[in-house]
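Numbering (full-length UniProt numbering), first residue to last: 1 to 768.
For every residue, glycine included, the Cβ atom is placed at its ideal position computed from N, Cα and C.
Keep in mind it's a predicted model, so treat the numbers as computed, not measured.
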């Protein structure tokens with residue numbers, strides 16, 4: 001079995017990578033499992049080993065020569081790579097041992113073909129004579145023999161060594177003198193983790209040959225480092241290609257063969273050819289000029305390093321300490337770790353603490369530890385944009401999570417519970433903050449609606465644990481709280497966007513009030529139009545329908561949030577997002593659940609960023625003790641009123657006194673919505689460059705963060721502790737949990753989980 005299906009695809013993906021950079025270079029591309037580069041002006045590349053002084057771009061002045069040898073890749077992959085380079089103005093000469101495959105490229109503008117066998121010394125030497133000099137040589141010829149030493153005949157041994165090792169020996173020996181003459185050069189050899197790195201079953205001669213490639217690489221690097229020659233090798237793990245899939249299908253038990261392949265992958269998936277190509281880009285670039293004599297293992301962990309290298313080569317200082325990308329990356333990793341650490345805190349018979357607390361605290365620590373703060377810098381504009389994207393994602397989830405069937409079946413008690421406490425707490429907060437904190441009325445209501453939302457991120461996991469043990473199930477309390485939570489949040493967000501638009505409008509009070517109403521109406525109209533649009537576009541007969549729908553929902557949501565601000569109607573974006581997502585899901589029916597799954601993945605990425613960035617907005621040095629004290633007082637007064645009114649809302653609903661008390665206590669936690677919209681007003685105030693508005697915005701954010709820190713952990717503990725004592729549990733409680741659709745079920749289009757998997761969930765929060 002030849003390796004060209006894997007290595008060949010890597011070569012073409014590499015070609016695509018350089019095409020996408022859009023360099024104005026004249027490329028020469030040869031497909032025969034090796035690659036060389038010369039500069040456009042036939043001058044040696046001196047600066048840092050591979051940089052032409054005439055141009056400022058790192059790779060734009062190089063001419064690439066790629067050989068695709070004994071094993072050939074898939075037709076589609078070949079044509080995409082070659083045609084892409086030709087489209088960029090490249091002069092492409094594709095060579096291969098298989099002339100029939102080369103003829104597939106006949107007639108493509110800018111591409112010439114040539115038959116070359118890199119195992120033939122005379123053909124390699126003839127090819128070398130065609131080039132005045134070479135800057136980068138990429139050797140990727142390979143053959144895979146399946147079997148142990150007992151299955152390997154002498155002919156198999158000789159053939160494998162000839163293709164895998166001798167071809168690289170011939171290529172290096174032919175082109176190395178040209179590099180030495182210019183005192184600069186770069187050689188990249190393709191090896192494998194199945195080598196001296198680790199043993200793989202039934203890869204005896206293959207592993208031996210790849211170990212020899214590693215030895216050849218280190219020998220060249222050591223012998224010629226002082227002459228300006230670099231030599232490295234790439235050691236991929238299992239690469240997912242059509243060739244590999246074909247080998248799997250040829251096995252007696254393809255399903256078991258695939259499981260065996262996946263079991264060896266620590267990351268849970270196979271490497272892609274494009275990821276290998278990214279590493280090639282890095283090793284061929286100026287950024288790797290200090291790297292030589294290494295075997296670059298690309299078997300999971302190295303992918304992160306490769307990604308960093310590629311991004312760094314493009315963004316430079318932004319990826320270094322003090323840069324925005326560096327700060328965002330560190331914040332994301334720390335927030336993720338903080339969330340996992342908090343989730344590990346388990347107390348007997350209590351729900352786990354919400355991971356968002358760890359994320360929030362990590363962001364707070366990164367901002368307020370002096371040594372770390374200097375290195376982890378994030379410009380407020382970057383922070384604001386990321387939080388707004390997270391807001392768009394959570395609003396899209398909220399809209400998709402609304403179940404029209406549940407809306408029609410909601411009893412009056414659910415409506416009262418969803419609307420009453422939110423409105424009363426918003427009004428109470430506005431009143432108290434106006435007189436205690438000195439906030440204007442409109443800012444008081446902004447704070448009120450920020451704090452009026454309950455957090456399903458805390459309530460839902462806690463209620464699911466109680467529901468699993470049967471507490472309150474017969475009375476429908478878990479269902480009531482989980483269903484009403486989404487509507488409570490949507491009401492709070494709608495009220496916030498209305499007041500938000502009024503706060504930053506100019507003109508008379510009546511004009512601002514009218515403007516607020518118009519923003520609400522405009523957001524609803526825009527949401528209705530966009531929602532109906534993506535019900536029918538893309539059409540149901542298209543491929544990758546779920547991914548296209550998910551992209552449209554997320555893209556339009558982000559566009560609505562940002563576009564409304566650009567248009568001067570910031571209050572309409574959030575409502576537009578809610579409406580368009582709801583109507584889109586309404587038209588998709590049962591297929592909506594798969595789109596929710598994809599949007600959920602987006603939330604898993606932006607959740608750590610959102611809470612980490614919110615925590616990082618609070619600077620202890622800038623906090624005023626008076627603001628913190630009055631903010632806590634405002635929060636506690638509003639919570640007390642909310643608790644009492646929640647108790648009133650569930651009167652005459654068939655619950656006993658203990659159950660009413662529990663519902664009131666469970667309706668207290670704050671978290672996700674406060675993080676999503678708590679900083680929005682501050683971000684807008686910063687764009688206005690108004691110190692007074694910025695102070696109001698900071699007051700709102702401070703109270704929002706205090707609300708999360710105080711109510712999220714306390715709320716989770718109260719629900720877990722009081723539930724078994726205040727709720728009834730039937731003697732024969734049968735409990736069951738709805739199984740979340742798996743990734744494999746999503747990709748294969750098959751159902752997963754329990755019998756009620758077709759039911760659309762009415763909540764939209766996910767756990768870490």
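Under the criterion of beta carbons closer than 8 Å, residue 715 and residue 359 do not qualify as touching, at roughly 17 Å. Taking each of 282, 252, 249 in turn and checking the Cα distance to residue 233, the smallest one comes out for 282. Between the C-alpha atoms of residue 666 and residue 580 there is a straight-line separation of about 30 Å. Inter-residue distance for residue 194 and residue 244 is about 15 Å (C-alpha atoms, whole angstroms).
Our two residues, residue 429 and residue 342, have alpha carbons roughly 30 Å apart in a direct line. Between residue 229 and residue 180, the C-beta spacing is below 8 Å. Shown here for residue 196: same chain residues with a beta carbon closer than 7 Å to its own, the five before and five after excluded, namely 211, 214 in chain order. The DSSP-derived three-state label of residue 376 is coil.
Between the C-alpha atoms of residue 685 and residue 475 there is a straight-line separation of about 47 Å. Judged by DSSP in its simplified three-state form, residue 547 adopts helix. In the DSSP assignment, residue 324 falls outside any beta strand (DSSP E) and within the unbroken alpha helix (DSSP H) covering 324–343. Residue 422 and residue 492 do touch by the CB rule: their CB atoms are close to 5 Å apart, below 8 Å. As DSSP reads the structure, residue 203 sits in a beta bridge with 147. Note that the C-beta distance between residue 275 and residue 306 is below 8 Å. When the Cα atoms are used, residue 451 and residue 634 turn out to be separated by approximately 10 Å. Excluding sequence positions up to five before and after residue 433, its CB lies within less than 7 Å of the CB of 439, 444, 447, 634, all in the same chain and listed in chain order.
Straight through space, the alpha carbons of residue 550 and residue 542 are spaced by roughly 14 Å. When secondary structure is reduced to three states using DSSP, residue 138 falls in the strand class.
Per DSSP, the beta-bridge partners of residue 185 are 229. The segment 693–709 makes contact with the segment 666–685: 3 or more CB pairs, one atom from each, lie closer than 8 Å.
Scanning its chain for C-beta atoms nearer than 6 Å, with the 5 sequence neighbours on each side dropped, one finds around residue 454 the residues 485, 488, 667, in chain order.
When beta bridges are read from the DSSP output, residue 272 appears opposite 240. In chain order, 664 place their CB closer than 8 Å to the CB of residue 644, counting only its own chain and leaving out the 5 sequence neighbours on each side. Taking residue 569 as the centre and dropping the five residues before and after it, the same chain places the C-beta of 501, 519, 522 closer than 7 Å to its C-beta, in chain order.
In this structure, DSSP gives residue 660 a helical state, which the three-state scheme calls helix.
Around the Cβ of residue 699, a 10 Å sphere holds 16 or more other Cβ atoms; the residue is buried. Where residue 464 is concerned, the enclosing alpha helix (DSSP H) starts and stops at 456–468. If you check the CB distance, residue 449 and residue 414 do not come in under 8 Å.
As the crow flies, the alpha-carbon of residue 412 is around 24 Å from that of residue 457.
If you draw a straight line from the Cα of residue 339 to the Cα of residue 332, it is about 11 Å long.
By the C-beta density criterion, residue 204 is buried, having at least 16 other C-beta atoms within 10 angstroms. The straight-line gap separating the alpha-carbon atoms of residue 114 and residue 105 is approximately 11 Å. Judged by their CB atoms, residue 292 and residue 225 are nearer to each other than the 8 Å cut-off.
In this structure, residue 559 lies away from residue 393, with their beta-carbon atoms at least 8 Å apart. The continuous alpha helix (DSSP H) containing residue 427 extends over residues 412–436. Selection 148, 531, 354 evaluated against residue 399 yields 531 as nearest (Cα-Cα).
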